[in-house]
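Going line by line, the protein sequences match chains A and B.
Just so it is clear: in the first sequence, position 38 is 91 by this note's numbering, and no numbers are missing.
Just so it is clear: in the second sequence, position 165 is 218 by this note's numbering, and no numbers are missing.
Protein chains: 2
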Amino acid sequence: MSNEKGPDHSRRKERSRQAILAATRELVAEEPYEKVTVEAIAARAGVGKQTIYRRWPSKSAVIFAALLALSENADRQNDEQPVTLPDTGDLETDLKLVMRATAEEFADPAFDRLIRALNTEIVNDAALAAEYQEKLARPLDEAKKARLRSAQEAGQLNPDADLDLVLEVLYAPLFQRWLHRSAPLTAAYADSLVESTLRAFAP
Amino acid sequence: MSNEKGPDHSRRKERSRQAILAATRELVAEEPYEKVTVEAIAARAGVGKQTIYRRWPSKSAVIFAALLALSENADRQNDEQPVTLPDTGDLETDLKLVMRATAEEFADPAFDRLIRALNTEIVNDAALAAEYQEKLARPLDEAKKARLRSAQEAGQLNPDADLDLVLEVLYAPLFQRWLHRSAPLTAAYADSLVESTLRAFAP
Chain A
54 MSNEKGPDHS
64 RRKERSRQAI
74 LAATRELVAE
84 EPYEKVTVEA
94 IAARAGVGKQ
104 TIYRRWPSKS
114 AVIFAALLAL
124 SENADRQNDE
134 QPVTLPDTGD
144 LETDLKLVMR
154 ATAEEFADPA
164 FDRLIRALNT
174 EIVNDAALAA
184 EYQEKLARPL
194 DEAKKARLRS
204 AQEAGQLNPD
214 ADLDLVLEVL
224 YAPLFQRWLH
234 RSAPLTAAYA
244 DSLVESTLRA
254 FAP
Chain B
54 MSNEKGPDHS
64 RRKERSRQAI
74 LAATRELVAE
84 EPYEKVTVEA
94 IAARAGVGKQ
104 TIYRRWPSKS
114 AVIFAALLAL
124 SENADRQNDE
134 QPVTLPDTGD
144 LETDLKLVMR
154 ATAEEFADPA
164 FDRLIRALNT
174 EIVNDAALAA
184 EYQEKLARPL
194 DEAKKARLRS
204 AQEAGQLNPD
214 ADLDLVLEVL
224 YAPLFQRWLH
234 RSAPLTAAYA
244 DSLVESTLRA
254 FAP
């Protein structure tokens with residue numbers, strides 16, 4: 054009997070999955086977006102095109118998986134702790150830390166191109182947009198809302214504020230400015246978003 | 054001598070331009086985005102592909118022109134008046150009117166698909182993003198800022214507020230919610246954005 058489905062097979066499959074995701078990230082970082090095709094990813098990863106299509110239905114799906122794997126790896130480095138936001142007891146300090154880090158992250162060219170590629174796909178693909186919401190956006194939003202709830206309990210935020218709205222008012226301007234490249238993402242800008250959001254939802 | 058460059062020639066050129074832009078809008082409204090190609094636009098408009106490429110360098114450029122023409126036609130219907138925002142003297146009332154209309158416009162399927170197509174292009178094309186800012190976004194932003202300035206003078210808005218930031222805090226959440234289809238764009242949502250923005254930038 055062959056042990057094709059045994060531990061060696063699983064290891065090979067996992068190695069090929071990692072090679073495909075790494076190739077995707079590299080290509081997105083290096084090439085104009087229209088050149089990132091399933092063929093190019095397969096060639097870079099040293100696998101056949103069918104190996105990719107057996108696992109993912111489309112280029113969108115591979116790009117999404119590449120981004121998801123980045124965020125899973127980051128989690129693993131943190132000893133599988135779920136994402137949490139800093140909590141020094143002062144909401145303004147903590148949010149400024151987070152928003153400055155977010156502005157820096159978006160300004161990193163490798164991350165910029167990967168997120169831009171993902172956005173291109175989800176804008177035109179409602180199913181992928183839903184998967185993005187469920188697997189990436191919502192877990193992060195829940196972590197942020199936990200921090201906002203503790204601020205509500207500490208009397209630093211309106212106890213009746215709609216926390217989804219608070220997050221939108223805080224993050225969406227930065228996202229739009231980045232997406233449309235309408236102005237630079239500076240630390241001062243990150244701070245001003247925190248300040249206007251806290252004024253809008255003051256206790 | 055032929056009068057190829059005379060008035061008849063100009064009229065023919067303008068008719069072909071209008072046919073191409075109309076074909077672009079129809080295709081974007083009807084077809085999945087990857088099927089909207091320069092070939093398909095040429096076929097629908099009844100012109101050769103080269104007629105399109107003589108005028109526009111890329112599919113992105115044609116889509117942008119189609120959207121720009123829509124907004125120029127709207128201007129012309131208003132007797133070439135520049136865009137202005139309603140000014141009843143009450144900023145909250147006026148902004149709610151505008152934001153509800155914006156939410157409705159984004160919910161219109163034909164407009165939705167055209168703006169989504171344009172966004173797909175400008176996300177990956179910095180030059181087109183700059184053209185979008187200059188020709189479409191900035192003139193609208195200037196009209197909105199004129200209304201905000203009159204509210205500052207009337208003591209309804211913080212006189213030191215950065216008006217670009219005010220516009221971002223007001224519009225970006227709606228834009229992001231629409232782009233990511235993360236939640237519905239209701240009139241109540243439009244109102245809540247106006248209210249949180251006015252709290253953030255109260256005098």
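Positions of the beta carbon are idealized from the N, C-alpha and C atoms, including for glycine.
When the options are compared against residue i, the one with the closest alpha-carbon
i, options, result
"ASP213(A)", "PHE254(A), ASP244(A), PRO192(A)", "PHE254(A)"
"ASN211(B)", "SER249(A), ASP178(A), LYS66(A)", "SER249(A)"
"SER245(B)", "ARG234(B), ASP140(B), VAL222(B)", "VAL222(B)"
"GLN209(B)", "ASN177(B), ALA236(B), LEU80(B), ASP140(B)", "ASP140(B)"
"GLN103(B)", "GLU84(B), GLU87(B), SER69(B)", "SER69(B)"
"SER235(A)", "MET152(B), VAL176(B), GLY101(B)", "VAL176(B)"
"ARG65(A)", "VAL100(A), ALA93(A), PRO192(A)", "VAL100(A)"
"TYR86(B)", "ASP165(B), PRO237(B), MET152(B)", "ASP165(B)"
"PHE117(B)", "ILE105(B), GLU83(B), PRO237(B), TYR185(B)", "TYR185(B)"
"GLU67(A)", "GLU84(A), ILE105(A), ALA240(A), LEU216(A)", "ILE105(A)"
"ASP215(B)", "PRO256(A), ALA241(A), ALA93(A)", "ALA241(A)"
"THR239(B)", "MET152(B), GLU84(B), GLU83(B), GLU79(B)", "MET152(B)"
Residue environment, residue i, which counts as buried when at least 16 other CB atoms sit within 10 Å
i, result
"THR77(A)", "buried"
"LYS197(A)", "buried"
"THR137(A)", "exposed"
"ASP132(B)", "Any reading at ASP132(B) must be qualified, since the residue scores a pLDDT of 49, below 50, and its modelled position is unreliable; the value itself is stated next. Exposed, because fewer than 16 other Cβ atoms sit within 10 Å of the Cβ of ASP132(B)."
"GLN205(B)", "buried"
"THR173(A)", "buried"
"ASP6(A)", "Residue 6(A) lies beyond the range of chain A shown here (54 to 256); nothing can be said about it."
"ALA243(A)", "buried"
"ALA95(B)", "buried"
"ALA182(A)", "buried"
"ALA163(B)", "exposed"
"ASP161(A)", "exposed"
Alpha helix (DSSP H) segment containing residue i, residue limits
i, result
"ALA160(A)", "144-160"
"THR104(B)", "102-108"
"TYR185(A)", "179-185"
"VAL89(A)", "From DSSP, VAL89(A) is part of no alpha helix (DSSP H); its letter is neither H nor E."
"HIS233(B)", "Where HIS233(B) is concerned, there is no enclosing alpha helix (DSSP H), given that its DSSP letter is neither H nor E."
"VAL247(B)", "240-253"
"SER69(B)", "60-83"
"ALA199(A)", "191-206"
CB-CB length for residue i against residue j, believed under 8 Å
i, j, result
"GLU145(B)", "LEU251(B)", "6 Å"
"ALA119(A)", "ALA98(A)", "That pair is no contact at about 11 Å."
"LEU220(A)", "ASP194(A)", "6 Å"
"LEU81(B)", "VAL115(B)", "This sequence places Val at residue 81(B); Leu is not what is there. Between VAL115(B) and VAL81(B) the Cβ distance is about 10 Å, and since that is not below 8 Å, they are no contact."
"LEU189(A)", "ALA122(A)", "Not quite, the Cβ-Cβ distance comes to about 11 Å (not below 8 Å), so this is no contact."
"LYS149(A)", "VAL247(A)", "5 Å"
Q: Spell out a yes or no on whether the region 61-69 of chain B and the region 160-178 of chain A are touching, meaning 3 or more CB-CB pairs, one atom from each, closer than 8 Å.
A: Touching, no.
Q: Inspect the CB distances between the region 192-209 of chain B and the region 103-121 of chain B and report whether three or more fall short of 8 Å.
A: No, the region 192-209 of chain B does not touch the region 103-121 of chain B.
Q) Any contact of the region 143-161 of chain A with the region 222-230 of chain A, i.e. 3+ C-beta pairs under 8 Å? A) These segments touch.
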